[in-house]
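Engineer:
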Amino acid sequence: MNDFAALNKLVKKQKNELNYLYKNMDNEIVSKALNLCSLDSSSVNKIAVLRRIVDLKEEGIINELKNSGKNEEEIDIIKAKMYDFVSEFYINRHLNLINEVEEKGILEPFYLELIKSVHRIGVSLSKMQKTWQKSIIETTNREFETKFESIAKANEFITKNKLYQINPDNSRCDRVYGAVIKNGENYRLVPYAVSFKDEMKSVKDAFETSLANLEKLSKIKEDESYVIYLTKLKNAFLQTDNDLVIASWQDAERAWMDTKGKIQIGHPLEYYEDAYTHAVALEWDIRLVDDLSIDETKFKNSIKESFDEIYSKTGVENQNMVNLVHSNIDKTQLYISGPMVYYAAEFNGLFSAQVVPNDEIVSRECGKKIFAFVNFVYESTKAKPFMKLASEIFDKNFLDFGREILYKKPEIWKKVYEISTIGHEFGHILFIDSDTESAMNKSGEFKFIEEYKATTGGLINFFLHEDDTYKMAVFHELIKRSVGLIAWQKVTETRAYYCEGLIHLSLLFRSGVLKFDGKKLQIDFTQNGYQNFKNEVMKNYINLATHYSNKLNAGEFLAKFAKFEGEIYLPKNVETLEFVKFYYQKYEKMANEIDDSGEWQRWQQA
């Protein structure tokens, strides 16, 4: 008998051990990382490397390396060393977890082998990730950044040179499972199996060993669904015909939608890192279904009601889109889960939630899966020290409101996560037709408004089904998160979230919730402020929904709020612009400085 409750306890114990590193920063792991980065043992640098190790985020280290005078090439070398360090650290931890699971007899043979198989494949993909990063992000993308003045110009070049892959109906797909190869002045896009031929040999061997083991142990239909899925996934990875790559991945994702057990495998799904060809990242993990649950039927019904109400105000008639949205919501499988083991691209960052697959052809047939990592994110948030930057930007009363919820009212924190984050994932589904992204992405900026659309879709759902218990908590989370997103101004991989933040901030200033006098941010954190912001958001979302329903260029909507200034997007609203510049300058100077007021220690005892 599979004891998933016991497995969850083991996984949470491991996560708690990781989180504890923030309370004991003088340890061998931190010392080794500091030496690798050639950084001294200041508290600022310790926080930077802990963010890299515990939270798998690179920005902190990059910031401190820049502050120490390192150039791009030197930073790339250190980033690669830290990837190796983190990769080895986690692979060993994952292996220890698997060994403990085996020793305690927690899982039946098939599921134990399934976890071992994911690990085996993950080790191979983690090696391939280094080549992926060097080839796509640090070579092709940097060349394109220099070569083209905007993403729109790069997109024209990509289209002209056919640096894309095609759907079975010969239409252009919005993502690729491949890399650009340059020969002189000629460019072509080839599948991963061709561009990473040497690395793929190890991946192929790992799949074949795993499938041979699993086929022997497979007994029931649920077991067979995993075998079918992994077989099709292997074929997708190994596909060498560029015109058949997307069809192969679609087959794999159809089979993936049929795997419905408590062990959910995450495969390459997202493409945020690559702003140009949209090369899908080498994600690989297990999401273990948690014991927490929400009223899924009620949530889905409220989302559909909200969609219908906003759609009725757009004045657009598109019954196919309406049917697809309703179908996707109805077919959505919601998994309240947590990352168990993870590899490759995820050593550069984990998701807080996810709605996938991104392929609307597959989703039209099979729906989507939403993964929400409620407890994982909650424990991670509690573990992090308070940062000095937050106390310099926000007043103490505003910060204490959020800290009271985090440390003393976990049920409210988790409900806000449901409203905001799970709402965000359902928000991605709204106003999306089968060809929406390809039609709206002419300027290459679709993702830069899509994240705003997703978050605001969840927010609108709350506005239309309001509960006074959570109003100010939701408002607080939105304000704090929107300000925090400014930190990603120069991070290409997370530009979509940064642009989302610019739109939120523009509306917060427009509604009078935020005011900035050049030195201090003032927040109207009142019921009146909430209502003023709500009114602005409702108007803006109806405009956005109309824009989506008409499948207009995403860049036209983004241009209402932000413009591209050489390397970065900046807000158009003058007061918002002043604050964004002010915040980012402070962020560059003090991103990793801990709040030494004793507040964090005080709240630990709360």
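Everything in the sequence shown is counted per UniProt numbering, starting at 1 for the first residue and increasing by one.
Beta carbons: idealized from backbone N, C-alpha and C, even for Gly.
(1) Report yes or no: do three or more beta-carbon pairs, one from the region 465-482 and one from the region 526-540, lie closer than 8 angstroms?
(2) Look at I62 and M82 and say whether their C-beta atoms are less than 8 angstroms apart.
(3) What residue from S210, L114, I449 and N161 has the CA that sits closest to N553's CA?
(4) Pull up the CB-CB distance for L56 and V86, whole angstroms please, since I reckon it's below 8 angstroms.
(5) For L21 and L95, I'd like the C-alpha separation in whole angstroms.
(6) Going by Cα to Cα distance, which pick from D84, Y541 and E493 is closest to L507?
(7) Using beta-carbon positions only, say whether L464 and V537 come within less than 8 angstroms of one another.
(8) Among the residues of its own chain, which have a CB less than 6 angstroms from the CB of D3, if the five just before and after it don't count?
(9) For V356, which beta-bridge partners are listed by DSSP?
(10) To the nearest angstrom, how far is it from the Cα of A255 to the Cα of L406?
(11) How is F462 classed by DSSP in three states: helix, strand or coil?
(12) If D223 and F110 are in contact, beta carbons under 8 angstroms, what's the gap, nearest whole angstrom?
(13) Please state the DSSP three-state secondary structure of V316.
(14) Pull up the distance between the alpha-carbon of I594 and that of E392, whole angstroms please.
(15) Going residue by residue through the region 446-524, where are the continuous alpha helix (DSSP H) segments of at least 4 residues, counting only ones entirely within it?
(16) What's the C-alpha gap between H267 and K586?
(17) Looking at the structure shown, is residue 609 part of a helix, part of a strand, or coil, going by DSSP?
(18) To the nearest angstrom, how far is it from the Cα of Y335 to the Cα of T456?
(19) Between F582, N45, E418 and T436, which lies nearest to S293 when the distance is taken from Cα to Cα?
(20) Please go through the region 273-313 and give each complete alpha helix (DSSP H) segment of 4 or more residues, from N-terminal end onward.
(21) Using 8 angstroms for Cβ pairs, my map puts E273 next to A353. What's the rounded Cβ distance?
(22) Going by other Cβ atoms of all chains shown within 10 Å of its Cβ, with 16 needed for buried, is S549 buried or exposed?
(23) Express the C-alpha separation of L269 and F89 in angstroms, rounding to a whole number.
(24) For R602, count neighbouring C-beta atoms within 10 Å of its own C-beta (all shown protein chains included) and say buried if the count is 16 or more, exposed if not.
(25) Where are the beta strand (DSSP E) runs, 3 residues long or more, that stay fully inside the region 206-276, in chain order?
(26) In or out: V574 buried (at least 16 other Cβ within 10 Å) or exposed?
(27) Excluding the five sequence neighbours on either side, which residues of its own chain have a C-beta within less than 6 angstroms of the C-beta of A48, listed in chain order?
(28) Can you name the start and end residues of the alpha helix (DSSP H) that E392 belongs to?
(29) Exposed or buried, K313, counting other C-beta atoms within 10 Å across all chains shown (16 or more means buried)?
(30) Name the two residues that bound the continuous beta strand (DSSP E) containing Y342.
(31) Any chance the region 341-353 sits against the region 371-390, with 3 or more Cβ pairs inside 8 angstroms?
(32) Please list, in chain order, all residues of the same chain as Y498 whose beta carbon is under 6 angstroms from its beta carbon, the five residues on each side excluded.
(33) Put G184 into one of helix, strand or coil per three-state DSSP.
(34) State the CB to CB distance for the pair Y229 and T277, rounded to an integer number of angstroms; the pair is presumed to be in contact (CB under 8 angstroms).
(35) I need the straight-line Cα distance from E567 to D359, nearest angstrom please.
(36) Assuming contact is defined by CB atoms lying nearer than 8 angstroms, are T381 and K551 in contact in what I supplied?
Structural biologist: Looking at the atomic coordinates:
(1) Short answer: they touch.
(2) no
(3) I449
(4) Correct: roughly 7 angstroms between the Cβ atoms.
(5) Approximately 20 angstroms between the Cα atoms of the pair.
(6) Y541
(7) no
(8) I106
(9) K369
(10) A direct Cα-to-Cα measurement between A255 and L406 gives close to 39 angstroms.
(11) F462 falls in the helix class under three-state DSSP.
(12) Contact check for D223 and F110: beta-carbon distance about 5 angstroms, within the 8 angstroms limit, so the pair qualifies.
(13) coil
(14) 12 angstroms
(15) 446-464, 471-484 and 495-510
(16) 37 angstroms
(17) Residue coverage of the chain in this structure runs from 1 to 606, which leaves residue 609 outside it and unanswerable.
(18) A straight-line Cα-Cα distance of about 22 angstroms links Y335 and T456.
(19) Of F582, N45, E418 and T436, the smallest CA-CA separation from S293 is found for E418.
(20) Runs found: 296-312.
(21) 18 angstroms between Cβ atoms; not a contact.
(22) buried
(23) Approximately 24 angstroms between the Cα atoms of the pair.
(24) exposed
(25) Runs of the beta strand (DSSP E) inside the region 206-276: 263-266.
(26) exposed
(27) G60, I61, E64 and N592
(28) K388 to I393
(29) exposed
(30) Q333 to A344
(31) They touch, by the three-pair rule.
(32) L485, W488 and Q489
(33) coil
(34) The C-beta distance from Y229 to T277 rounds to 26 angstroms, too long to fall under 8 angstroms, and the pair is not in contact.
(35) 30 angstroms
(36) no
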